[in-house]
Amino acid sequence: DQQVKQNSPSLSVQEGRISILNCDYTNSMFDYFLWYKKYPAEGPTFLISISSIKDKNEDGRFTVFLNKSAKHLSLHIVPSQPGDSAVYFCAASEGAQKLVFGQGTRLTINP
Amino acid sequence: NAGVTQTPKFQVLKTGQSMTLQCAQDMNHEYMSWYRQDPGMGLRLIHYSVGAGITDQGEVPNGYNVSRSTTEDFPLRLLSAAPSQTSVYFCASSSAGQGYQPQHFGDGTRLSIL
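Chains as they are written, first to last, in my numbering: chain A, -6 to 104; chain B, 4 to 117.
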């Protein structure tokens, strides 16, 4: 039973437009939600997080939205740049830094 | 700035062999974790540690052992390798501050079991 799900394996967006990546979860006890970015042959790198008591967090071009009633979060990237092409993982924290990851979405930014 | 260092980067083993994946961090982080990533799946937690001398099981601990004798090092031991353990293994560390503290990942060890 997968507690964190990313239902889109891939997404293609034109450079300069908005990229929206989605994630659903089932466990109401998660206290933080995060997004990690991963390039080939590298480890994931932290992008942005949001506490379960908030509904929006913004950091530059990246904004994460949390809808607790729908158990859904999304990552918005505006404007999208070629360097944003990577695999994006949604994850949720169960405390003590224990992370549960989604399957990942491969984002491709086209010129 | 080394961050989290994993060795080796690649390894091929035969079924039944044992080996240790090394992980070291130089950020004085209290928390360290091991994850595995399989094709089409996200990272899954194997074992984690909240400090030297303290370890606990994650989602997929069977077939793996860990110990944490120092803050810096958190080795992962495969006791008797099986083909199902073919995967990419990632080590991560984070501090124990207030709120969410981002985990810093190493670049992974790609392990094949024949």
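The beta carbon of each residue, even a glycine, is placed where N, CA and C say it ideally should be.
Just so you know, these numbers come straight off a predicted model, no measurement behind them.
Status (buried if at least 16 other CB within 10 Å, exposed otherwise) for residue i
i: A/Thr19; result: exposed
i: A/Tyr32; result: exposed
i: A/Arg10; result: exposed
i: A/Ala34; result: exposed
i: A/Lys49; result: exposed
i: A/Pro104; result: exposed
i: B/Thr73; result: exposed
For residue i, the nearest candidate out of the options (CA to CA)
i: A/Phe58; options: A/Tyr25, A/Val93, A/Thr98 and A/Ser1; result: A/Tyr25
i: B/Ala85; options: B/Asp59, B/Gly111, B/Ala5 and B/Ile116; result: B/Ile116
i: B/Gln104; options: A/Gly95, A/Lys91 and A/Gln96; result: A/Lys91
i: A/Ile46; options: A/Gly53, A/Lys64, A/Arg54 and A/Tyr29; result: A/Lys64
i: B/Leu114; options: B/Asp29, B/Thr23 and B/Phe108; result: B/Thr23
i: B/Gln60; options: B/Asp76, B/Ser36 and B/Leu46; result: B/Ser36
i: B/Gly102; options: A/Ile43, A/Asp17 and A/Asp77; result: A/Ile43
i: B/Arg47; options: B/Pro64, B/His32, B/Glu33 and B/Arg71; result: B/Pro64
i: B/Leu30; options: B/Gly109, B/Gly56, B/Asp110 and B/Ser96; result: Looking at the sequence provided, one finds Met at residue 30 of chain B rather than Leu. Per the Cα distances, B/Ser96.
i: B/Val91; options: B/Ala5, B/Gln14, B/Gly6 and B/Thr8; result: B/Gln14
i: A/Glu118; options: A/Leu40, A/Asn60 and A/Lys61; result: Residue 118 of chain A lies beyond the range of chain A shown here (-6 to 104); nothing can be said about it.
i: A/Val(-3); options: A/Thr101, A/Leu100, A/Phe82 and A/Gly88; result: A/Phe82
i: B/Gly45; options: A/Gln(-5), A/Gly76, A/Ala79 and A/Leu100; result: A/Gln(-5)
i: A/Asn0; options: A/Thr101, A/Gly95 and A/Ile102; result: A/Gly95
i: B/Ser87; options: B/Tyr34, B/Tyr67 and B/Ser98; result: B/Tyr67
Under 9 Å by beta carbon: chain A residues contacting residue i
i: B/Gly100; result: Those do not exist, as B/Gly100 stays about 11 Å from chain A at its closest Cβ, beyond 9 Å.
i: B/Ser36; result: Gln90, Lys91 and Leu92
i: B/Asp110; result: Ala34, Glu35 and Gly36
Closer than 7 Å at the beta carbon, the chain B residues around residue i
i: A/Ser86; result: Tyr103
Residue i: contacting residues in chain B (beta-carbon distance under 9 Å)
i: A/Phe82; result: Gly45 and Leu46
i: A/Leu27; result: Tyr103, Pro105 and Gln106
Listed by chain order, chain B residues near residue i by CB distance under 8 Å
i: A/Gly117; result: No answer is possible for residue 117 of chain A: it lies beyond the span of chain A, which begins at -6 and ends at 104.
i: A/Gln74; result: None at all; the shortest Cβ gap to chain B is about 22 Å.
i: A/Gly95; result: Gly45
Per-residue contacts from residue i into chain A (C-beta, under 7 Å)
i: B/Phe13; result: The contacting residues do not exist; B/Phe13 stays about 11 Å from chain A at best.
- Message: To be precise: take each residue of the stretch 31 to 51 of chain A, compare its Cβ to all Cβ atoms of chain B, and keep it if any distance is under 8 Å. Which residues remain?
- Response: Ala34, Glu35, Gly36, Pro37, Thr38, Phe39, Ser42 and Ser44
- Message: Short of 9 Å Cβ to Cβ, which residues in the stretch 39 to 61 of chain B face chain A?
- Response: Gln40, Gly43, Met44, Gly45, Leu46, Arg47, Leu48, Tyr51, Val53, Asp59 and Gly61
- Message: Check whether the stretch 15 to 34 of chain B and the stretch 66 to 82 of chain A touch, using three or more Cβ-Cβ pairs below 8 Å as the test.
- Response: no
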